Structures are given as C-alpha cells and as structure tokens.
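S.K.: Below is a structure I'd like to ask you about.
Written out as structure tokens, the structure is:
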C-alpha cells in the first residue's frame, strides 16, 4: 500500500514537473505536439485509404516504417552499453548517464512499436497476436519472437529505472540485490532483441541480400555505435540546459565505446563489400543496385554514398584521441555517425532487399508525403516521451522532487 | 502419406520430416483436435472461451462509449441491427484453421447473409475440407505456352481480384530465345501481339511449396498448408504485416493496398471461404489452385482457360492422373530448388 502511495505521489510530482519549465521547454514541447498531431492526421488518412497511401507496392512491400523500426531497435539495445559498467563494475562515471540511457531505450522501444503498428494492414486485428485470445506462431515465426523480446525489454527498462527513481524519491539508497539481477537480464536481453530483429531478415532464403550470416553481428556493432552516439548528444544538451552534472570523463568514456563499435562496424562493412564485389554472383545484384544503381535506377545512390562517407570520416576522426577528446568536434562526429547508420541500417538495408524482386524486376520505392509525415510524427512522439522521462528523472536525481510524508 | 512415395526428388536438408501435411500435427480428423501441444498451443486450445471473455470485456467498454449504438438502438431498423451484429461477431471470430465445423458453418452463414444485406444478391460459399488421399500438383509445358494470357484473365474473373489495381496472381514472363531462363531480362508486363518472334513464355504463380517459407514466418498462423497441399490464407485472421510476402522467393503473394473493387455484376458468386470470397483492404491473398473448383473435382480456371494446353493440374497421389504421367515421362524441373522450398509446380518441355 505504501509503495502505491509513493508511486501516486511520484506520478503527481512528475505531472507537475513536466508541465512546468522555461519558455524554451514549452516551445520545444509545443513543436513536438504539433508534429505528432500532424502525423496522427496523416495516419488517419492512411487508415482510411489503406496502405496505398504509402509508397510501398507489391514489389517493395516494406519501406520507411520498417526501416526506422530496425534502426530504433538498435538504439534501444545500445542503452545496455551504459547500464553494464555503471551498475556492475561500480563505475561511478557512468551512473548519471544510465538513467538517460534507459529513458532513451524506453522512448526508442515505444517508437519501434508505433512503427510496427503503422506498418500493419489491419491494426484493428492486432489482438490476433495476443497470446491466450489470439494465435501466436511461436516459436516458428521470428516476428512472434520479436514481439516477445521487445515487450520484455520494454518491461525491464521501465521497471529498473522506476525502482531506482522510487528509492531516490524517498531519499533511500536503491538495494543492489534487487536491481542487479534485472540489470544482468537486461544486458542479455538487449543483445537478444537485436539478434532476433536481425534474424527476422536473416532467416529469409528468398532475399539473398539479407540472408547473410554477418547481418546479426553487424546490427550489434552499428547499434553500439549509433545508440551511444545519440546518448552523447543528448547528454551534451542536458548538460547545457539543466543543472544536471555530467562530467567530461563520462562523455569521453562513452565516446570510447562509440569509437570501438564504429571501427568494428567498418571492418564488417569492408568484409561485406569484398564478398559482394570480388566475385559477384547472382545474389550480389541487390548490392550492385544499392551502391551503383541498376539499369539506370539509382534512387538510393546519393543516400548510401552520403552514409558511407559520413561513416568513414567519423570513424577515422574518432580513432584519433586528440580529435575525439575535443568535445565540440566529438558532438559533430557523433551526429555524423548517427545519420550514417540511420541511412545504412534503415532504408539502405530494407529497400535493396526487395530490389530486384524474386523474378529480377527492378521497381524503385519512394516514400509518400503521408508516410514521411507519419514517420516524423512517431519520431516526435519518441522525443516527447523521452523529454518527459528525462525531465522527471533528473528532477528526482537532483532531489528537486522528493516524497513528502503527510 | 505423401512423403514416403513421392514421385519427385527432394533435397535432404536434415529437416525432421513431419508426417502430416496440414501442419497441425494431426493426420486424421480436423485440425482442431490436436494431439501434440506445446505450451502455446495449450493456451490456444481454449481460444473460444478466452475470446468470448475478451469480446464481453470489449463490449462492456464500447457500450460505455456508446459505440454499439446501432446494434442496441430501438430506432434503427432490423437490418442495420443485424448488419452491426454480424460485423460484431465477425470481428471476434477465431482463426479458421482452429474452428470446429459448426463454427465454420456459422461464419459462412454470416458472410453470405452480410453480402445479401449489402447487395440484395445471394452467393454460395463453401467451407469444404480437403479430401483424403489428395495432394494437388501442377505442371507447365514451356514449349506450348504462347503468352496469350487467357489464364491471367480467367484467374482474375474466377477469383474476384481487385479490378482497380489490376491485381494478378499469374505472371507470364516473355523471354528471349537463346538466352535461356533469364528472368532478369524477361518482360512480365508486355502489351503486343503474341507469340512474338524470338521469344518464349513461362508462367509463374504461387507454387504451393511443400515446405512453404511464407507459412513459417506468419506471426499469427493466418496462412497454412492444407492437407491436400494447397497453401491458403484466412483473410479475416491476417493482420497485414506482409512478412510472408518478404519470405516468398517466387513472388506468389499479393497485398490489398486499398479496398478491392469488384463490380457487383462481375462477382463470382460460387465461393470458398479459403478461396475467392471477397477480400478487404490490408490483407494478403494469393493463388489457391482455385480451391472452390479443385475441391469439387474441377480444374483451376487457368487450366481450363489455357488455349494451348500448356497447363496440367491434378492429384499427385493418383497414379492414373495426367500430372503423374508428366512427372513419370517428362524431364521436369522446378524453379529455385536450391532454396529447399519443394514447390509442387513443375516445368517441362516437349
């Protein structure tokens, strides 16, 4: 009962916290709300007309939604890179970053689920997936696995920070015996969500571009580059706009993680390119389309080459300690890496899987206005959720909001 | 049944061979009484009770919100009440694969009645199950096909496909002679007189694989292989994730990107629940070997329509069937055999 009372008080305080802020905060939230509403309006068009409102066709049947979904699973998984050292290795530096990281994971996961729902032809029939009342094709379908691991990961990432926040809120020290097992579980789970999402594509013998044993490991490497890169940027913003103290050493330590992951990712990219182009087979056609275009169809060329240049430049620059330790440059490099991986793991991965089609047909894909608006709306929703979580978390951590016994 | 005396070569990929053909772990009887169940199937075993509970809970919410106004209202007419009732029941019905025969009959009744309420016309819908000792297969004679596309038209008419987007299950590929089976350079969208000089023709459609990747990946088991080897979809259970479409190596599946339109005059009223009944937007569909015809002992519409006789359909387990004669006497091959999908669709030349 007492816990419930504390929780209610925490929710009340959180409501107070997120509805109060300076002018910049209100403008930020208002802009996000507007983008979300615009996205919802466009989603209503899509619901009404069906998925024909998107650029997807029978030839390219997954597009922007599934691309963003894939990328965001990586961002969510990357929170673990901060959780592990902070909690287990008692590395004090990371502790402040962890709450932010887990908040980011929650926001990213909710975005993932929103993207999947947006991609459904019959969202009203989604209850067919709920075990017990629906029929769940477990363990055969990788999508069924994905639903389980994503929701499980969401649960873990909500409960651990909630427990810690509840304790701090009451002015107590969180008991490691309670949350450490959860932390270990979440570490394995994070690797799991990303491998399962990779298996979703990797397991399709019909799409040689995806049917590739390197896909899963490469997902992990690029996720552990892009996720912490985003966390660095977020920490930099929080440092600037709040009184939350994030020491330089924390950011520098995270930048080490980003660097190593980006280097591994680049090695894997080279390995993939070598395999596709040293002795090209029939199965390399998708890669040819992606990197060089096919029969004059070149829609992805500007994107993928932007991605590769950003990726290579950022990774090389990060490798040098002098450059990396200059925080201003580090933020720029992290931004570059984030965009590069968003392209590469998003439509740079999903769209070429469908091109050419099973019978060699090359039909290109261009997202429609509706699709782009819904995508932006979901990203705004993620930013909105993250802002709420981070603002509450920071207020509790700083002791600005504490539980008052009545 | 089909595995021991198969008439074709199978890749031995160390796959544990299942002895059933409908994928539910049961050889005899209907799919609803399963013998071997894992944890999830045990939960699924009582789908009706749980769904009923879910339905009632939802009803409670919706009545609160006034959303079932029309089905409870005193003002609206009997017909609109009945319509709303049917929609309500249809929304909460289970997966066809797990329905009892009684439930199958009920949903068929609802669907025919709903069509009558909407258009004033009657249609006949079957829910006939697979017959014993039947396994359907298909053969295509490349030497004979001239690319007339009569099969495509017959298929569209027979199976009530969307006219607005011109959905077609069959693709006829026009290939250059002298280049072999070169699908990359073939044209499946030609508009000229056929047969064109220096070309030959080859049709593809759903191959009703014996080991269908599309069935494995469906998260809600809305698609499965029937006992007679036909891969079917429950249009009302499909959630529209299109994972099966990505998994199919043969471009055999189609998606309803918008509400399909078939003019009332052109609707084929002889329907099967798993076959050519009218679809809605946001669900998958595909060739079913014209299940509404083949289960009645007829040939699929494409076979019937082909003016050249390049298409043969029949029961692989019947030694006297034409398809068996072709498999025994012609040098047959299948497409993308290396993927281990085991299509039941063979090509041959004279």
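Chains as they are written, first to last, in full-length UniProt numbering: chain C, 1 to 406; chain U, 1 to 350.
Just so you know, even glycine gets a beta-carbon here, dropped at the ideal spot from N, CA and C.
Predicted, not measured: the structure shown is a model, and the values here were computed from it.
1. Please report the straight-line C-alpha distance between residue 168 of chain C and residue 107 of chain C, rounded to a whole angstrom.
2. Classify residue 349 of chain C as buried or exposed, calling it buried when 16 or more other Cβ atoms lie within 10 Å of its own Cβ.
3. Kindly indicate which three-state DSSP category residue 381 of chain C falls into: helix, strand or coil?
4. Give me whichever residues DSSP pairs with residue 137 of chain U in a beta bridge.
5. Taking the beta strand (DSSP E) that residue 176 of chain U belongs to, which residues open and close that run?
6. Any C-beta of chain U sitting closer than 8 Å to the C-beta of residue 195 of chain C?
7. Expressed to the nearest angstrom, what Euclidean distance is found between the alpha-carbon atoms of residue 202 of chain U and residue 343 of chain U?
8. Quick one: any contact between the segment 64 to 82 of chain C and the segment 190 to 209 of chain C, if contact means 3 or more CB pairs under 8 Å?
9. Please work out which residues of its chain come closer than 8 Å, Cβ to Cβ, to residue 294 of chain C, disregarding the five sequence neighbours upstream and downstream, and give them in chain order.
10. Measure from the C-beta of residue 148 of chain C to each C-beta in chain U and report whether the shortest distance is under 8 Å.
11. According to DSSP, simplified to helix, strand and coil, what is residue 200 of chain U?
12. Thinking C-beta only, is residue 221 of chain U closer than 8 Å to residue 97 of chain U?
13. For the beta strand (DSSP E) containing residue 233 of chain U, list its first residue and its last residue.
14. Would you say residue 291 of chain C faces chain U, with C-beta separation under 8 Å as the test?
15. Name the residue from C:279, C:353, C:226 whose alpha carbon lies nearest to the alpha carbon of residue 341 of chain C.
16. DSSP state of residue 194 of chain C, grouped into three classes?
17. Buried or exposed for residue 53 of chain C, going by 16 or more other Cβ atoms inside 10 Å?
18. Please report how far the alpha carbon of residue 13 of chain C lies from the alpha carbon of residue 401 of chain C, in whole angstroms.
19. What does residue 323 of chain U touch in chain C if you count any residue whose Cβ is under 7 Å from its own?
20. Using 8 Å as the Cβ pair cut-off and three pairs as the minimum, do the segment 110 to 127 of chain U and the segment 249 to 260 of chain U touch?
21. How is the beta strand (DSSP E) around residue 348 of chain U delimited, first residue to last?
22. Taking only beta-carbon atoms, is residue 339 of chain U less than 8 Å away from chain C?
23. Within 8 Å (strictly less), CB to CB, does residue 50 of chain C reach chain U?
24. Taking C-beta pairs closer than 8 Å, name the residues in chain C that residue 209 of chain U reaches, listed in chain order.
25. With DSSP as the reference, label residue 128 of chain U as helix, strand or coil.
26. Going by the DSSP bridge assignment, what does residue 292 of chain U pair with across the sheet?
27. I need the boundaries of the alpha helix (DSSP H) containing residue 145 of chain C, first residue and last residue.
28. Leaving out five residues before and five after residue 111 of chain U in sequence, what residues of the same chain have Cβ atoms less than 7 Å from its Cβ?
29. Is there at least one Cβ from chain U nearer than 8 Å to residue 206 of chain C's Cβ?
30. Just to make sure I have the definition right: I need the residues of chain U whose C-beta is within less than 7 Å of the C-beta of residue 143 of chain C. Which are they?
31. Helix, strand or coil: which one does DSSP assign to residue 181 of chain U?
32. Under 8 Å, Cβ to Cβ, is there at least one residue of chain U near residue 19 of chain C?
33. Mind listing the chain U neighbours of residue 482 of chain C? Cutoff is C-beta to C-beta under 8 Å, in chain order.
34. Quick one: which chain U residues come within Cβ less than 8 Å of residue 379 of chain C?
35. Where are the beta strand (DSSP E) runs, 3 residues long or more, that stay fully inside the segment 44 to 110 of chain C, in chain order?
36. In this structure, how does DSSP classify residue 149 of chain U when only helix, strand and coil are distinguished?
M.R.: Checking against the coordinates, here is how it stands:
1. Start at 1 with the first residue of the first chain, and residue 168 of chain C comes out as number 168. Start at 1 with the first residue of the first chain, and residue 107 of chain C comes out as number 107. Going by the C-alpha atoms only, they are around 22 Å apart.
2. Here residue 349 of chain C refers to the residue found at position 349 when the first chain is read from its first residue. Buried, because 16 or more other Cβ atoms sit within 10 Å of the Cβ of residue 349 of chain C.
3. Reading the first chain from its first residue, position 381 is the one you call residue 381 of chain C. Helix at residue 381 of chain C.
4. Translated into positions along the second chain, residue 137 of chain U becomes position 137. Beta-bridge pairing links residue 137 of chain U to U:314.
5. In the second chain, residue 176 of chain U corresponds to position 176, counting from 1. Run containing residue 176 of chain U: 171 to 176, per the beta strand (DSSP E) assignment.
6. The residue you call residue 195 of chain C lines up with position 195 of the first chain. No, because no Cβ of chain U sits closer than 8 Å to the Cβ of residue 195 of chain C.
7. As a working mapping, residue 202 of chain U is identified with position 202 in the second chain. As a working mapping, residue 343 of chain U is identified with position 343 in the second chain. C-alpha separation (whole angstroms): 16 Å.
8. yes
9. Here residue 294 of chain C is taken as the residue at index 294 of the first chain, counted from 1. Result list for residue 294 of chain C: 285, 288, 355, 356, 362, in chain order.
10. Walking along the first chain from the start, residue 148 of chain C turns up at place 148. Chain U contact via Cβ: absent.
11. In the second chain, the residue the question calls residue 200 of chain U occupies position 200. Strand, per DSSP.
12. Here residue 97 of chain U refers to the residue found at position 97 of the second chain. Here residue 221 of chain U refers to the residue found at position 221 of the second chain. Yes, Cβ-Cβ distance for residue 97 of chain U and residue 221 of chain U is below 8 Å.
13. Sequence index remark: in the second chain, residue 233 of chain U carries index 233 (1-based). Looking at the DSSP string, the run of the beta strand (DSSP E) that includes residue 233 of chain U is 231 to 233.
14. In the first chain, the residue the question calls residue 291 of chain C occupies position 291. No, its Cβ sits nowhere closer than 8 Å to a Cβ of chain U.
15. Here residue 341 of chain C is taken as the residue at index 341 of the first chain, counted from 1. Of the listed residues, the one whose Cα sits closest to residue 341 of chain C is C:226.
16. To locate residue 194 of chain C, count along the first chain from 1; it is residue 194. Helix.
17. By 1-based counting over the first chain, the position of residue 53 of chain C is 53. Buried, since its Cβ has 16 or more Cβ neighbours within 10 Å.
18. For this step, residue 13 of chain C is matched to residue 13 along the first chain. For this step, residue 401 of chain C is matched to residue 401 along the first chain. Taking the straight line joining both Cα atoms gives about 7 Å.
19. For the purposes of this step, residue 323 of chain U is taken as the residue at position 323 of the second chain. Residues of chain C passing the Cβ test: none, with the nearest at roughly 24 Å.
20. no
21. The residue labelled residue 348 of chain U in the question sits at position 348 within the second chain. First-last of the beta strand (DSSP E) with residue 348 of chain U: 345 to 348.
22. Position 339 of the second chain, counted from the first residue, corresponds to residue 339 of chain U. Contact of residue 339 of chain U with chain C is assigned, a C-beta pair being separated by under 8 Å.
23. For the purposes of this step, residue 50 of chain C is taken as the residue at position 50 of the first chain. It does: the Cβ of residue 50 of chain C has a partner Cβ on chain U nearer than 8 Å.
24. On the second chain, position 209 is the one that residue 209 of chain U refers to. The contacting residues do not exist; residue 209 of chain U stays about 11 Å from chain C at best.
25. Translated into positions along the second chain, residue 128 of chain U becomes position 128. In this structure, residue 128 of chain U counts as coil in the three-state DSSP scheme.
26. Taking the second chain and counting its residues from 1, the one referred to as residue 292 of chain U is at position 292. Bridge partners of residue 292 of chain U: none, in fact.
27. Translated into positions along the first chain, residue 145 of chain C becomes position 145. Per DSSP, residue 145 of chain C belongs to the alpha helix (DSSP H) from 142 to 169.
28. For the purposes of this step, residue 111 of chain U is taken as residue 111 along the second chain, with counting starting at 1. Counting only residues of its own chain and dropping the five nearest sequence neighbours on each side, residue 111 of chain U has a CB closer than 7 Å to the CB of 125, 277.
29. Working through the first chain from its first residue, we reach residue 206 of chain C at position 206. Judged by the 8 Å Cβ criterion, residue 206 of chain C is in contact with chain U.
30. Taking the first residue of the first chain as 1, we reach residue 143 of chain C at position 143. Result: 217, 219, 241, 243.
31. In the second chain, residue 181 of chain U corresponds to position 181, counting from 1. Residue state, collapsed to three classes: coil.
32. Against the first chain, residue 19 of chain C aligns to sequence position 19. Not an interface residue.
33. Lying before the first or after the last residue shown, residue 482 of chain C is absent from chain C, which here runs from 1 to 406.
34. Reading the first chain from its first residue, position 379 is the one you call residue 379 of chain C. Chain U residues near residue 379 of chain C: none, gap ~21 Å exceeds 8 Å.
35. Counting only runs of 3 or more, we get nothing.
36. Mapped onto the second chain, residue 149 of chain U falls at position 149. Three-state DSSP puts residue 149 of chain U in coil, outside helix and strand.
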